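Written below as structure tokens is the structure these notes are about.
Residue numbers (the working numbering): 60 to 431.
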């Protein structure tokens, strides 16, 4: 019998279509876990579910000892992320996320004591993000075809999602049990499209807690992956070499490292720095306040090289003093289909800082949606 010749692509066609192991930037995800990326101008219903904590240094456990206890279930995983680290400007998880020392944060603390200004410090210290395990219940408005009923991961800046959940729970404490797998509630989230520079991203603008169509059982809960195990933490020396671009970095090299960082900045775009004697140290309270005001994450994909982004400047916001004098504008003070700040009604929606002060912002958003 003539032996059948093996095909040219035998064993390789199917192999080439296998889903590769996911490495989502600073996270190492299980093969079967998909990422849910919020899209602007969509309404999505999903369930937030807890996972079993494996990290004894969970950040929430540092606040309250009976929260996020190792071996027990908890509903979120906070983490701190440094942006634009090293020549490839990658994002890395700050080791303080798991109770370890971070050379970047240590450098930032030193610079703050030396009187560095916030424009410099905000590029050094990490941003707050939170991971969630969710199960989409209704995601039909999304362009991506998410599998409803399947577990997904959400990785969002706290300013774009978590703070909205906190606001709702504070209004009604009865919603506090929403992540309970057996007696919880679904989240109905309206994601608003935001624009920062050339990048658009989604921000939760409204969250309602509604009854779940179906609760979960113990077996499903035990099958959920641990968010703690997905976080990639680099070694102290690795981060040191990556950030400062030096091997064998020592304490005495901080001034040299700072000089190298400054030389990388564009001389024309970098604002003139004050002399050390003129600088005013930034306090922890000032840093927290400034971070809340300025840390609007663009949440671009991790495989896209991040670029410095600047929010559009209003034509009537010429100086810092003018911005300080700005006040909210009431609806009755504004003409029909008119922007009180000189922008285009129904077109420049949410693109300027003063949009947050506008009394007809919702009408402007509605007009913009109608023009699509």
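C-beta: ideal position from N, C-alpha, C; glycine also. From a predicted model like this one, the values you see are computed outputs, not experimental measurements.
{"Query": "What does a CB cutoff of less than 6 Å around residue 280 pick up in its chain, not counting 5 residues either side in sequence?", "Result": "240"}
{"Query": "Which residues share a DSSP beta bridge with residue 195?", "Result": "105"}
{"Query": "Residue 270 lies in the beta strand (DSSP E); which residues open and close that run?", "Result": "258–270"}
{"Query": "Excluding the 5 residues preceding and the 5 following residue 167 in the sequence, name in chain order all residues of the same chain whose CB lies nearer than 7 Å to its CB.", "Result": "180, 183 and 184"}
{"Query": "Three Cβ pairs or more, each shorter than 8 Å: is that satisfied between the stretch 112–121 and the stretch 204–223?", "Result": "no"}
{"Query": "What three-state label does DSSP hand residue 154 in the structure shown?", "Result": "helix"}
{"Query": "Let me know if residue 231 comes out buried or exposed under the rule of 16 or more other beta-carbons within 10 Å of its beta-carbon.", "Result": "exposed"}
{"Query": "State yes or no: is the C-beta of residue 238 within less than 8 Å of the C-beta of residue 187?", "Result": "no"}
{"Query": "Confirm, please, whether the CB-CB distance from residue 133 to residue 107 is below 8 Å.", "Result": "no"}
{"Query": "With 16 as the cutoff for other CB atoms within 10 Å, does residue 408 come out buried or exposed?", "Result": "buried"}
{"Query": "Assign residue 154 to buried or exposed, taking buried as 16 or more other Cβ atoms, counted over all protein chains shown, within 10 Å of its Cβ.", "Result": "buried"}
{"Query": "Does the stretch 395–407 touch the stretch 423–431, meaning 3 or more C-beta pairs lie closer than 8 Å?", "Result": "yes"}
{"Query": "Please report the distance separating the alpha-carbon of residue 113 from that of residue 148.", "Result": "30 Å"}
{"Query": "Thinking C-beta only, is residue 298 closer than 8 Å to residue 163?", "Result": "yes"}
{"Query": "Could you compute how far the alpha carbon of residue 152 sits from the alpha carbon of residue 396?", "Result": "45 Å"}
{"Query": "Identify the residues that DSSP records as bridge partners of residue 221: which are they?", "Result": "Answer is none; residue 221 lacks a bridge partner."}
{"Query": "So, using beta-carbon positions, are residue 248 and residue 103 closer together than 8 Å?", "Result": "yes"}
{"Query": "Hey, residue 251 and residue 262: beta-carbon distance below 8 Å or not?", "Result": "yes"}
{"Query": "Quick test of your reading: residue 190 and residue 219, contact by CB under 8 Å. State the CB separation rounded to the nearest angstrom.", "Result": "Between residue 219 and residue 190 the Cβ distance is about 13 Å, and since that is not below 8 Å, they are no contact."}
{"Query": "Going by Cα to Cα distance, which pick from 266, 88 and 141 is closest to residue 227?", "Result": "266"}
{"Query": "Can you name the start and end residues of the beta strand (DSSP E) that residue 250 belongs to?", "Result": "244–255"}
{"Query": "Looking at residue 268: is its Cβ nearer than 8 Å to the Cβ of residue 196?", "Result": "no"}
{"Query": "Does the separation of the CB atoms of residue 246 and residue 145 fall below 8 Å?", "Result": "no"}
{"Query": "In chain order, what residues of the same chain have a beta carbon less than 6 Å from the beta carbon of residue 85, not counting five sequence neighbours either side?", "Result": "150, 151, 152 and 291"}
{"Query": "Quick one: residues in its chain with C-beta nearer than 7 Å to the C-beta of residue 202, no 5 flanking neighbours on either side, listed in chain order?", "Result": "98"}
{"Query": "Pick from 420, 296, 399 and 419: whose alpha carbon is nearest that of residue 160?", "Result": "296"}
{"Query": "Which partner residues of residue 116 appear in the DSSP bridge assignment?", "Result": "Paired residues: none, contrary to the question."}
{"Query": "Where do the ends of the alpha helix (DSSP H) carrying residue 427 lie?", "Result": "420–430"}
{"Query": "Roughly how many angstroms separate the alpha carbons of residue 210 and residue 173, rounded to a whole number?", "Result": "47 Å"}
{"Query": "With distances taken from CA atoms, which of 111, 127, 178 and 414 is nearest residue 253?", "Result": "414"}
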